[in-house]
Amino acid sequence: SICCLAFKAHLNVLLVAKITLLRPLEIRRLDQSVSLGLMSKNGNLQSGTKSLKGQKASLRRDLLQILQNVLRTHRIFLMMTSQMTLNPTLLDRLGTLPPKLEGNHPTSSNRRILCKNWKRKLKHIHLPLVLESISSIHESLLRSTTTCSPICVRQFQRSTTQNDQRAMDKFKLADKYKGLERNVWVEFIALALETKPLNLGQGFPDDLVPEYVPKTLSEVVNEDPVLNNQYTRGHGHPRLVKALSTLYTKLLNRASPIDANKEALVTVGAYEALFTAIMGFVNPGDEVIIIEPYFDCYEPMVKLAGGVPKFISLTPTKTEGHITSEDWKLDPTELEKLFTPKTKAIIFNNPNNPLGKVFKRDEIEMIADLCKKHNVLVISDDVYEHMVFDGEMIRMATLPDMWDRTITIGSAGKTFSVTGWKLGWAVGPEHLIKNCQIVHQNCLYACNTPVQESVARAFEYEISKMDSPDCYFTTISKDLQKKRDYIANILKEVGMNPVIPEGGYFIMADWSSLADKIDLSSEPDTHRDYKFVKWLSRHRKLQGIPPSAFFSEPHKHIGENYIRFCFIKGTIASSWSHSRKLIKRTASCTRTKIKMDGSMDGHIISDMELDHILRALKPSDLEDIGGKAWIQQMSMLEELNVQAALEARDGLEERVRDSLVEHDKLGLVVRDMILVEIWREEIMPRILRQGQPESSFQLYMVLFNEANLCNLLETILFHGSTCQSLDERAIDLADYCMRQIHWLLSRDPNQEPSDLGRLHSNEAKLDTPLVELERHNNVIRFQVGLKCLTILRYLTENLEDLPLGVSTRMVITHDVPMSLVSILEEEPWTRERSGCEETFDGHQWRPKDEIQGIHKTEAQAWLALFNLLSRPNTNQKYEIHDYRKAALLRLLGILSRPTPMELPFIESFPRIRSKCKTRYRDKFDSIASDQSHIFLKNNQELFDVEITKLIHTFENTAVQKLLKDDDPTHMDKKACVVCQSTPAKNRCSRCHSE
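According to the numbering used here, the sequence shown is numbered sequentially starting from 37.
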């Protein structure tokens, strides 16, 4: 009957269930026989007793019946599940169904023919093989029927019966969700999991989280295991709604306090706050106005409520040049046309995501007037309310007569940069919030208690500081503005045109100028921005979000030329180094070295090494100089210096610059450089008074590191954004530069401190280590002084973006213009040798006539002077009296004297040098005494560390000869680093070089 049913219904699933129910007893009998050891190795039943012989016939009869079922239905099993398979050897021996039986009803005569054939073949079957196959089928059937209901089996096998199709139709997606299947976040999160890019698409911060906020959560969970970890009030934790009442009473300019219990609702993120507002007011057929671009949940929520979304787009009034979000405007006429008797609400997002537009008062008043005129509700999405850079954050509910028709929505995730906490709120009049509370209590009822308690404490702390400049609501905007400006500059460098946002932490950029350089044909999407974002994720491992997702279908073309990035990231520099590779990827993991001739090939450090180095850099102290940890740090900074120089020279992406800015390590570089300067002035003389060093090498390496740090700053400060990131450190750097320039002016012009050739010439005489050290010191200080002229020029070009104290100290304290006049008159970069004028080109002295035009260093001095005299924020402070005028006239011939203006200014002072001097004032002698063993005696271990550092960076195999090896007499076999002859003492007897 089973086989007849199978052939009649073909693939009917009931076969699986019935066979599974009928077979267990038979299978158990056979399995039991096998487990009792009744089978011999050759497959025959063991003999020896009558009982065993008697079972043989019974087992064969059982087996015949089972094989009839198995072979008649095994093809059906194979089609129903890939797990139900028969042993190939068994099938080969038994064959398949006779052709005349395939697809036909098995009659009694057919069954007799079939059974006769099976009886004959059964005599030659290996019995354990049959039992194994039957048991396997039985287990597969059990797995199938226990994990899949009949309905599921029908679904996956696409049953052809009409009844099955009707059963499936009953469980289709609800009609109200049709058309909402595609979600940009689901799609691009899946893409991120596939391609593993640096994700700057989603708006989850990894930076700017106040330290105390996560700590409060830990405290809350451990404080009261009952109250803080159980259900709280459904419409909002009492402590939190009280804090929200206090905060928004002030933010919304309410004359009377907001009722914490009736005029505030706490929700699972601002997402749910929007959901309760829309579901609580919108009826089928109601129209809801949505301003584009919009956060993508607005439209589906309105549709779920049965409403009809009506769209109006902000459109750009400029497409070229400097563009800000303010340049995107609403058309008042078009907006007014959307207001009809059916209009129930308008969703207003300020600052706007993804555009970053902060609406001006006249724009908000226009919307408010239309809402009052047509009696329309405003759902005001203000989640980015504390992130406003340009302009004023004007809240809709603060306008006249708008409190009674506005629901203001906020987010703890956005406010405190903890988006994973998913906590939001809605604030408004009681008659509006009541509807939201009803939706909430019939949807989620209550939010997470510990998170609510933590956010309440965070608000209480910040509310107490709201009028102070260090309030988090104030500082987050300043911190984000720096990141915004930094990213905007990067986008411009790679060929995009950013739309500078006025608020929020997203930026849109026009990438259309890159379209001709990128092949997007492999991406099948309809919209160009989708194609570009996916191409970027797959081929450049950088992910953004396509802005057309934030426009309705008729207006998606407005967003197709843009891409959205999130810039509230702590790893922004390492992330954006990939965006510089949009056209050509230049990253390489190959380490190369600098050759003796100064040429460089490839990268000194890879991306991974760069990140490791920057994380390892720590502030040094004066006592650390000369030690192993300090040498290691200087080695890392040396590699950064070489890599930065290589990137600048070859026009590569400047990863070192980006990473130093993003990891906030520029201040560390400035501080370490000034620390070495203090060591040179205060500690080194005290060490040398204790005795003469055996070698000047260790002392020289300290001085060399000062030049190394100065060179690194000269390379990376070329870009204005890097100078801006110095912030208050720029004051210390400007003071340092002036000290070095004053040294250039005060040095003896008869000395030749920069004569590098003399150090390797045959004319060199045997010098003591002290004389040798003094000469090296003069060489280094000369080169540092020239580099400081370049750094000074970069600072003068960015005075408007630097602290006011920088310009004040330049023109008032140091009188930099007059110092530059002296520099230009004395020209320390030139000299006369054997009647021939020579100019120092940064590496060596060359005949002056070989250098065409103005010398590089001279040009830096001229540019710095021009910047100081032409910038409004400096020339107004700088009084050009007769002495200064005469000096300037000597240089410029004719100078228009600007009218000096008396303006108040704030005096700022350099901090690093003064703090270090104060801190170590009474410790210089003890530090010198402690370090004397490092610098006065040859310490082979530290010596090897220093040499290893050089070998690690420079391709100079000769230097390796200085390292200690297994030869115990190595110290007696000093080799000349130039000609390799041994032995050598101080200077080689053959080439007279060191």
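We put the beta carbon where it would ideally sit given N, CA and C, even for glycine.
Problem set entry | Same chain only: Cβ atoms within 6 angstroms of I536, ignoring 5 sequence neighbours per side | Walking along the sequence shown from the start, residue 536 turns up at place 500. If we look at I536 and ignore the five residues flanking it on each side, its Cβ neighbours are T360 and A524.
Problem set entry | alpha helix (DSSP H) runs contained entirely in the segment 328-407, provided each spans 4 or more residues | Here the runs fully enclosed are 334-340 and 368-374.
Exercise. Taking C-alpha atoms, which residue in T451, E496 and Q488 lies nearest to G540?
Worked result: Within the sequence shown, numbered from 1, the residue matching residue 540 stands at position 504. When only C-alpha atoms are compared, the closest one is T451.
Exercise. Leaving out five residues before and five after E328 in sequence, what residues of the same chain have Cβ atoms less than 8 angstroms from its Cβ?
Worked result: Residue numbering aside, residue 328 sits at position 292 when the sequence shown is read from its first letter. Same-chain partners within the cutoff: F347, I348, S349, L350, F586, F587, S588, H591 and I594.
Exercise. Between P560 and chain D, is there a C-beta pair that is closer than 8 angstroms?
Worked result: Included in the structure is just one protein chain, with no chain D present.
Exercise. Can you tell me whether DSSP reads P883 as helix, strand or coil?
Worked result: For the purposes of this step, residue 883 is taken as residue 847 along the sequence shown, with counting starting at 1. It is a strand residue.
Exercise. Who are L234's beta bridge partners in DSSP?
Worked result: Start at 1 with the first residue of the sequence shown, and residue 234 comes out as number 198. According to DSSP, which records beta bridges pairwise, L234 is partnered with L578.
Problem set entry | DSSP beta-bridge partners of Y830 | The sequence position of residue 830 within the sequence shown is 794, counting from 1. In DSSP, Y830 forms no bridge with anything.
For this session: Report the rounded CA-to-CA distance for K881 versus T875, giving the unit in angstroms.
Result: Taking the first residue of the sequence shown as 1, we reach residue 881 at position 845. Taking the first residue of the sequence shown as 1, we reach residue 875 at position 839. One point to set straight first is that residue 881 is Trp, not Lys, in the sequence displayed. Near 5 angstroms, if we compare the C-alpha coordinates of T875 and W881.
Problem set entry | Beta-carbon contacts of V847 that lie in its chain and below 8 angstroms, excluding the five residues immediately before and after | For the purposes of this step, residue 847 is identified with residue 811 of the sequence shown, where counting begins at 1. Result list for V847: P853, L904, T910, K913 and Y914, in chain order.
Problem set entry | Short Cβ contact (8 angstroms threshold) for D561 with K553 | What you label residue 561 is simply residue 525 of the sequence shown in a count that begins at 1. What you label residue 553 is simply residue 517 of the sequence shown in a count that begins at 1. Cβ atoms of D561 and K553: not closer than 8 angstroms.
Exercise. Between K24 and S292, what straight-line distance do the alpha-carbon atoms span, to the nearest angstrom?
Worked result: Look at the range of the chain in this structure, 37 to 1030, and you will see that residue 24 is not part of it.
Problem set entry | Assigned exposure category for F207 - 16 Cβ within 10 Å defines buried | In the sequence shown, the residue the question calls residue 207 occupies position 171. That one is exposed.
Exercise. Thinking C-alpha only, which one of F754, E717 and P390 is nearest R775?
Worked result: In the sequence shown, the residue the question calls residue 775 occupies position 739. That would be E717, whose Cα lies nearest to the Cα of R775.
Exercise. Do you know whose CA, among H778, L924, T751 and T804, lies nearest I827's CA?
Worked result: As a position in the sequence shown, residue 827 is number 791, starting the count at 1. When each option's Cα is compared against that of I827, the closest is T751.
For this session: Determine the closest residue to A551 out of F542, E538, A300 and Y566, with distance taken between C-alpha atoms.
Result: On the sequence shown, position 515 is the one that residue 551 refers to. For the residues F542, E538, A300 and Y566, the minimum Cα distance to A551 belongs to Y566.
For this session: Helix, strand or coil for C824, going by three-state DSSP, please let me know.
Result: As a working note, residue 824 is residue 788 in the sequence shown. Correct three-state label for C824: helix.
For this session: Run the CB neighbour count on T21, radius 10 Å, all protein chains shown included, and call it buried at 16 or more, exposed below.
Result: Limits of the chain in this structure are 37 at one end and 1030 at the other, which puts residue 21 out of reach.
Exercise. How should M438 be labelled, buried or exposed, when 16 other C-beta atoms within 10 angstroms of its C-beta is the threshold for buried?
Worked result: Translated into positions along the sequence shown, residue 438 becomes position 402. The residue in question, M438, is buried, as its Cβ has 16 or more Cβ neighbours within 10 Å.
Exercise. DSSP three-state call for S858: helix, strand or coil?
Worked result: Taking the first residue of the sequence shown as 1, we reach residue 858 at position 822. Note: S858 maps to helix in three-state DSSP.
For this session: Mind reading off the beta-carbon distance from M502 to F495? Whole number of angstroms is fine, and I expect it under 8 angstroms.
Result: Walking along the sequence shown from the start, residue 502 turns up at place 466. Walking along the sequence shown from the start, residue 495 turns up at place 459. The C-beta separation of M502 from F495 comes to about 10 angstroms, leaving the pair out of contact by the 8 angstroms criterion.
Problem set entry | Residue interval of the alpha helix (DSSP H) (run including I752) | Residue mapping note: residue 752 aligns to position 716 of the sequence shown, counting from 1. For I752, the uninterrupted alpha helix (DSSP H) run begins and ends at F733 to I752, by DSSP.
Problem set entry | As assigned by DSSP and simplified to three states, the class of I474 | For the purposes of this step, residue 474 is identified with residue 438 of the sequence shown, where counting begins at 1. Here I474 carries a helix assignment [DSSP, helix/strand/coil].
Exercise. Between D877 and T866, what straight-line distance do the alpha-carbon atoms span, to the nearest angstrom?
Worked result: Reading the sequence shown from its first residue, position 841 is the one you call residue 877. Reading the sequence shown from its first residue, position 830 is the one you call residue 866. A direct Cα-Cα distance of roughly 9 angstroms separates D877 from T866.
Exercise. So is N258 buried or exposed if we call it buried at 16+ other beta carbons inside 10 Å?
Worked result: Position 222 of the sequence shown, counting from 1, holds the residue named residue 258. By the Cβ neighbour-count rule, N258 is exposed, with fewer than 16 other Cβ atoms within 10 Å of its own.
For this session: Out of I445, L276, P729 and T844, point me to the one whose CA is closest to A766's CA.
Result: Mapped onto the sequence shown, residue 766 falls at position 730. Taking the Cα of A766 as reference, the smallest distance to any Cα among I445, L276, P729 and T844 is reached at T844.
Exercise. How long is the line joining the alpha carbons of V820 and N747, rounded to whole angstroms?
Worked result: Residue 820 sits at position 784 when you count from the first residue of the sequence shown. Residue 747 sits at position 711 when you count from the first residue of the sequence shown. Taken atom to atom, the span from the alpha-carbon of V820 to that of N747 is near 8 angstroms.
Exercise. Exposed or buried, what is I474 when buried is set at 16 or more other beta-carbons lying within 10 Å of its beta-carbon?
Worked result: By one-based count along the sequence shown, residue 474 stands at place 438. Classification of I474: exposed, given that the 10 Å Cβ count is below 16.
For this session: Could you round the C-beta distance between L527 and A545 to whole angstroms and report it? I think they count as a contact, below 8 angstroms.
Result: Counted from its first residue, the sequence shown places residue 527 at position 491. Counted from its first residue, the sequence shown places residue 545 at position 509. Contact between L527 and A545 holds: CB atoms are separated by about 5 angstroms, below the 8 angstroms threshold.
Exercise. Between which two residues does the alpha helix (DSSP H) containing R869 stretch?
Worked result: Locating residue 869 in the sequence shown gives position 833, where the first residue counts as 1. Membership of R869 in any alpha helix (DSSP H) is not indicated; the residue belongs instead to the beta strand (DSSP E) covering T866 to R869.
Exercise. Helix, strand or coil: which one does DSSP assign to S416?
Worked result: Taking the sequence shown and counting its residues from 1, one reaches residue 416 at position 380. DSSP, read as helix, strand or coil, puts S416 in strand.
Exercise. Leaving out five residues before and five after S416 in sequence, what residues of the same chain have Cβ atoms less than 6 angstroms from its Cβ?
Worked result: For the purposes of this step, residue 416 is identified with residue 380 of the sequence shown, where counting begins at 1. The answer, listed in chain order, is F384, M432, T442 and T444.
For this session: Counting only the same chain and skipping the five closest in sequence on each side, list residues whose C-beta sits under 7 angstroms from that of G703.
Result: Reading the sequence shown from its first residue, position 667 is the one you call residue 703. Within the same chain, G703 has close Cβ partners R765.
Problem set entry | Assigned secondary structure, W461 (DSSP; H/G/I helix, E/B strand, else coil) | Looking up residue 461 in the sequence shown gives position 425. Residue state, collapsed to three classes: strand.
For this session: Could you name the residues of the same chain whose beta carbon sits closer than 8 angstroms to that of F960, not counting the 5 residues immediately before and after it, in chain order?
Result: Residue mapping note: residue 960 aligns to position 924 of the sequence shown, counting from 1. Cβ neighbours of F960 beyond the five flanking positions: E718, I719 and R722.
Problem set entry | Among G239, T231 and P241, the one whose alpha carbon lies nearest that of S573 | For the purposes of this step, residue 573 is identified with residue 537 of the sequence shown, where counting begins at 1. When the alpha-carbon of S573 is set against those of G239, T231 and P241, the nearest one is in T231.
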